Amino acid sequence: MITRLKGCPVNRALPVVRLRVPTDEDAVAWHRAFAHPDVMEFHGGRIAELSVYEELTARQRRHDAERGYCLWTMLDESGQVIGFTGAQPWEREWGPRGEIEIGWRLGREHWGQGYATAAARMTVERVRAAGVPSVVAMVNASNARSIAVTRRLGMSLAEVFVTPTTRQEGHCYRLILQPS
13 MITRLKGCPV
23 NRALPVVRLR
33 VPTDEDAVAW
43 HRAFAHPDVM
53 EFHGGRIAEL
63 SVYEELTARQ
73 RRHDAERGYC
83 LWTMLDESGQ
93 VIGFTGAQPW
103 EREWGPRGEI
113 EIGWRLGREH
123 WGQGYATAAA
133 RMTVERVRAA
143 GVPSVVAMVN
153 ASNARSIAVT
163 RRLGMSLAEV
173 FVTPTTRQEG
183 HCYRLILQPS
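Letter by letter, the sequence shown follows residues 13 to 192 in our numbering.
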């Protein structure tokens, strides 16, 4: 079956992506892939230190072992690390605390090719198989690319909020995975 992008002016097949549990080496690959101001625009604006990704990949390995899902490393058809996608509990004091958030982040050179949509669809199927009843995506209201991915996934806008730290408007999108 060929998956097509909904709402895309050119009806094209989604690219092949593969997901894996992050390795120690993926911390370096994520650091390199995300070391672009455009990539970090909606993630604090600053390029993160390598230690941030070392801690993040270690935490994701624990999440996968404990829950069966995590932020997986995203690889393109040649096996190159191009970003991550996956799911993890929302643990901040504000927002949908305790719910499972899905998300994605790509290296700048991979934008606009359908990788985020393809990988996010794989994430939805994996968390559905793990028995997660619903997911949310927390997106900056100015992040048109991520909003487009939520729409392609069939997510609905559930809430508009202002983040307590940056005071920016955000959107909480929700997708029901299991019938109640």
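For every residue, glycine included, the Cβ atom is placed at its ideal position computed from N, Cα and C.
For clarity, every value in this text was computed on a predicted model and none was experimentally measured.
Backbone secondary structure at residue i - three-state DSSP
i: S168; result: strand
i: L26; result: coil
i: E61; result: coil
i: A153; result: coil
i: V147; result: strand
i: T175; result: coil
i: S192; result: coil
i: L31; result: strand
i: S90; result: coil
i: E66; result: helix
i: E121; result: helix
i: H48; result: coil
Buried or exposed by the 16-neighbour rule on C-beta atoms within 10 Å, applied to residue i
i: L62; result: exposed
i: W116; result: buried
i: W106; result: exposed
i: T35; result: exposed
i: P108; result: buried
i: E89; result: exposed
i: R30; result: exposed
i: A70; result: exposed
i: A11; result: As displayed, the chain neither begins before 13 nor continues past 192, which places residue 11 out of reach and without an answer.
i: V174; result: exposed
i: R32; result: exposed
i: M13; result: With a pLDDT of only 34 at M13, under 50, the local geometry of the prediction cannot be trusted, and the value read off the model is given with reservation. With fewer than 16 Cβ atoms within 10 Å of its Cβ, M13 is classed as exposed.
Run of the alpha helix (DSSP H) containing residue i, from where it starts to where it stops
i: H183; result: Element bounds for H183: not the alpha helix (DSSP H) but the beta strand (DSSP E), 181-188.
i: E137; result: 127-141
i: A193; result: Residue 193 lies beyond the range of the chain shown here (13 to 192); nothing can be said about it.
Assumed close pair residue i, residue j - CB separation to whole angstroms, cut-off 8 Å
i: D38; j: T97; result: Not a contact, Cβ separation roughly 13 Å.
i: G119; j: G95; result: 6 Å
i: A170; j: T135; result: In fact, because the Cβ distance is near 18 Å, the residues do not count as touching under 8 Å.
i: M150; j: E113; result: 6 Å
i: L26; j: A130; result: 4 Å
Where the beta strand (DSSP E) through residue i begins and ends
i: T97; result: 93-101
i: R117; result: 112-118
i: W106; result: W106 -> no beta strand (DSSP E), and no H or E assigned at all.
i: W84; result: 83-87
*Between the region 133-144 and the region 70-77, do at least 3 Cβ pairs fall closer than 8 Å?*
Contact annotation: the region 133-144 does not touch the region 70-77, with fewer than three C-beta pairs closer than 8 Å.
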